[in-house]
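In full-length UniProt numbering, the protein residues as written are 1 to 129. All residues carry an ideal CB built from backbone N, CA and C; glycine is no exception. Inspection log for the structure reproduced underneath, given as structure tokens.
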């Protein structure tokens, strides 16, 4: 399951429909706190989150998820119309995509991150675009 987090319902639903059309199971959260609650109930295989959200930014969400000893148990893809979160020090995400993005670019990141997760010998460095 892929968890999509965005405070803009149009973007969240567009991402969800695109991913579902390509065979992925998707859940949607509209804020960072809602995402944390959903993750406690069911851990996703991949988290896709907007960087700039009012209650808990995607960057802060990824930092919280990586705060444990082993880091986040699933890959994190951040998206934003601003490059500020991409260049923030101490990045705690696996990939970044700038909005607006092409469907093929999002799907490429999803495939790559899920493939890396399935291959335990292959590690992707956090914050590598």
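With distances taken between CA atoms, residue 29 lies nearest to 7 out of 40, 7, 20, 21.
In its chain, beyond the 5 residues on either side, 31, 32, 33 have a beta carbon closer than 7 Å to the beta carbon of residue 55.
Distance from the CA atom of residue 77 to the CA atom of residue 26, rounded to whole angstroms, is 14 Å. Per the C-alpha coordinates, the member of 79, 103, 102, 101 positioned closest to residue 94 is 79. Burial check for residue 106: the Cβ neighbour count within 10 Å reaches 16 or more, so the residue is buried. Spatial neighbours of residue 15 in its own chain (CB-CB distance under 6 Å, excluding positions within 5 residues in sequence) are listed in chain order as 4.
Residue 82 is classed as exposed because its beta carbon has fewer than 16 other beta carbons within 10 Å across all chains shown.
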